[in-house]
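Add 108 to the 1-based position in the sequence shown for the working numbering, that's all there is to it.
Encoded as structure tokens, the structure appears first; notes follow it.
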Amino acid sequence: MVRQFGILVIITLLGVRVLVAQPYYDLYFGNRPQEIMPTAIFLQPHSLDEFIERYNGSFDAYGQPVDKNSPIFREVRQNQAYWSTYRSLIIESLVHQSLHEKDSSGVQRFAQKAGAGGVLDFVDSSWWIEVPVKGRIEGLTTALILQMKILVDERRRIKWIIDDVVIPEVLRDLPALPVVPNVSKHKYIPPSAHDNGFIALSRILSEERDITPYIECSTAGLSTLQYVLKYYNFDAEFREFFVHFQPDTGPSFMLNHNWKIIDFEH
109 MVRQFGILVI ITLLGVRVLV AQPYYDLYFG NRPQEIMPTA IFLQPHSLDE
159 FIERYNGSFD AYGQPVDKNS PIFREVRQNQ AYWSTYRSLI IESLVHQSLH
209 EKDSSGVQRF AQKAGAGGVL DFVDSSWWIE VPVKGRIEGL TTALILQMKI
259 LVDERRRIKW IIDDVVIPEV LRDLPALPVV PNVSKHKYIP PSAHDNGFIA
309 LSRILSEERD ITPYIECSTA GLSTLQYVLK YYNFDAEFRE FFVHFQPDTG
359 PSFMLNHNWK IIDFEH
């Protein structure tokens, strides 16, 4: 009874009235874990890797790997209409509930386009992260937006770099010292930094106060940030970050730090 109620709730939330009649029903719901937990917890991605696997259709509605050798998977995968619908159902479940409440039909259109589009890849997709940072300069609260991206070397090793900084108008008259990258194999932001909320970034801004080992090239924004860190008692703080994806095919969208889609291309 609990399982049936949970499935009914999901169907109602997503507005999928024909799901039961389709062969992808068992693929979408058929691998529900046995633990007695609220359905909402199963629907919540717990990492960026899990979000990508769900989006791509490799994980089901509960974040469990689908059995790619099962007859139902082969049937769905070989039928492009079934596969697009299956993916769109999962993608729709990844959209924040506030967007469902605000524009449910818009969410469905987005999910349908995304489900028919390309897959995501941690390394090769076009994506980046924005980190809103706040601090005080001479008694005034100042907000910066750090832009970060994955950098992959010739050996396919991965690390995060600070790609640029959006500087507010009030700081644009500050001297911008040229900032020269000082790449070091001993200092880097690890590829899994997003899983722990970018603790390494917090340490760089608050303790090291030197971004040169963590950049690829200089920009005006990075130069200003380096100046602020060097000459001001700027105690940088951040509580969240936002992930931007621009798939090669399919609509662009943005995630919050809880791996839920909070905005998308209309």
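The beta-carbon is built from N, C-alpha and C at its ideal position, and this holds for glycine as well.
Exercise for the section: Determine, using beta carbons only, whether Leu330 and Ile323 come nearer to each other than 7 Å. Expected result: Looking up residue 330 in the sequence shown gives position 222. Looking up residue 323 in the sequence shown gives position 215. Result yes, Cβ atoms of Leu330 and Ile323 sit closer than 7 Å.
Problem - As assigned by DSSP and simplified to three states, the class of Thr327 - result: As a position in the sequence shown, residue 327 is number 219, starting the count at 1. In this structure, Thr327 counts as coil in the three-state DSSP scheme.
Exercise for the section: Look at the Cβ atom of Leu202, then the Cβ atom of Ile370, and state whether they are nearer than 7 Å. Expected result: As a working note, residue 202 is residue 94 in the sequence shown. As a working note, residue 370 is residue 262 in the sequence shown. Taking 7 Å as the Cβ cut-off, Leu202 and Ile370 do not qualify as a contacting pair.
Handout entry: 8 Å CB neighbourhood of Leu282 in its chain, flanking five on each side removed
Key = As a working mapping, residue 282 is identified with position 174 in the sequence shown. Excluding residues within five positions, the ones whose Cβ falls inside 8 Å are Thr332, Tyr335 and Val336.
Practice task
Output the distance between the C-alpha atoms of Ile253 and Ile180, rounded to the nearest integer angstrom.
Solution key: As a first step, residue 253 is located in the sequence shown; it is residue number 145 there, counting from the start. As a first step, residue 180 is located in the sequence shown; it is residue number 72 there, counting from the start. C-alpha separation (whole angstroms): 46 Å.
Exercise for the section: Along the beta strand (DSSP E) that carries Trp235, what are the first and last residues, could you check? Expected result: Residue mapping note: residue 235 aligns to position 127 of the sequence shown, counting from 1. It spans Trp235 to Ile245 - the beta strand (DSSP E) in which Trp235 sits, taken as one unbroken run.
Exercise for the section: Check whether the region 215-222 touches the region 343-362, counting contact only when three or more Cβ pairs, one atom from each stretch, lie closer than 8 Å. Expected result: yes
Problem - Rounded distance between the beta-carbons of Pro321 and Gly225, thought under 8 Å - result: On the sequence shown, position 117 is the one that residue 225 refers to. On the sequence shown, position 213 is the one that residue 321 refers to. That pair is no contact at about 37 Å.
Problem - Limits of the alpha helix (DSSP H) - the one that Ala189 falls within - result: Counting from one through the sequence shown, the residue named residue 189 turns up at place 81. Counting along the chain, the alpha helix (DSSP H) containing Ala189 begins and ends at Gln188 to Ser201.
Handout entry: Residues of its chain near Lys257, where Cβ-Cβ distance is below 8 Å and the 5 sequence neighbours each way are ignored
Key = The count along the sequence shown starts at 1 and reaches residue 257 at position 149. Here the set comprises Trp235, Trp236, Ile237, Trp268, Ile269 and Asp271.
Handout entry: Contacting residues, own chain, Cβ-Cβ under 6 Å from Val126 (five flanking each side not counted)
Key = Numbered from 1 along the sequence shown, position 18 holds the residue referred to as residue 126. Low confidence applies to Val126: its pLDDT is 41, below 50, so where it sits in the model is not reliable, and the reading given next is rough at best. For Val126, where only same-chain residues beyond five positions count, there are no Cβ hits under 6 Å.
Problem - CA-to-CA distance, Val351 to Cys325, given in whole angstroms - result: Counted from its first residue, the sequence shown places residue 325 at position 217. Counted from its first residue, the sequence shown places residue 351 at position 243. Cα to Cα, Cys325 sits roughly 22 Å from Val351.
Handout entry: Simplified DSSP state of Ala169, which is helix, strand or coil
Key = For the purposes of this step, residue 169 is identified with residue 61 of the sequence shown, where counting begins at 1. DSSP places Ala169 in coil when its eight states are reduced to three.
Exercise for the section: Starting from the Cα of Asn366, find the closest Cα among Leu156, Ala308 and Tyr190 and give me that residue. Expected result: As a working mapping, residue 366 is identified with position 258 in the sequence shown. That would be Leu156, whose Cα lies nearest to the Cα of Asn366.
Handout entry: Given His374 as reference, the closest of Leu207, Asp175 and Tyr133 once Cα atoms are compared
Key = Here the question's residue 374 lines up with position 266 in the sequence shown. Cα-wise, what sits closest to His374 is Leu207.
Exercise for the section: Would you mind reading off the limits of the alpha helix (DSSP H) that contains Ile160? Expected result: Looking up residue 160 in the sequence shown gives position 52. Counting along the chain, the alpha helix (DSSP H) containing Ile160 begins and ends at Leu156 to Asn164.
Practice task
Can you have a look at Glu277 and say buried or exposed, based on whether 16 or more other CB atoms are within 10 angstroms of its CB?
Solution key: Position 169 of the sequence shown, counted from the start, is the residue given in the question as residue 277. Glu277 comes out exposed.
Exercise for the section: Tell me where the beta strand (DSSP E) around Ala224 begins and ends. Expected result: Along the sequence shown, read from residue 1 onward, the residue named residue 224 stands at position 116. Taken as a continuous stretch (DSSP letters only), Ala224 belongs to no beta strand (DSSP E), being part of the alpha helix (DSSP H) at Ser212 to Ala224.
Practice task
Let me know the alpha helix (DSSP H) ranges lying completely inside the region 290-347, each 4 residues or longer, listed in chain order.
Solution key: 307-311 and 328-339
Handout entry: For Ile275, three-class secondary structure by DSSP
Key = Position 167 of the sequence shown, counted from the start, is the residue given in the question as residue 275. Three-state DSSP puts Ile275 in coil, outside helix and strand.
Practice task
Assign Asp371 to one of three DSSP states: helix, strand, or coil.
Solution key: As a position in the sequence shown, residue 371 is number 263, starting the count at 1. The answer is strand: DSSP assigns Asp371 an E or B state.
Practice task
Kindly indicate which residue of Arg162, Arg311, Ile297 and Tyr132 has the alpha-carbon position closest to the one of Ser178.
Solution key: The count along the sequence shown starts at 1 and reaches residue 178 at position 70. The option with the nearest alpha carbon to Ser178 is Tyr132.
Problem - CA nearest to the CA of Ser300, picked from Arg347, Gly223, Ile199 and Phe230 - result: Counting from one through the sequence shown, the residue named residue 300 turns up at place 192. Out of Arg347, Gly223, Ile199 and Phe230, Phe230 has the C-alpha closest to the C-alpha of Ser300.
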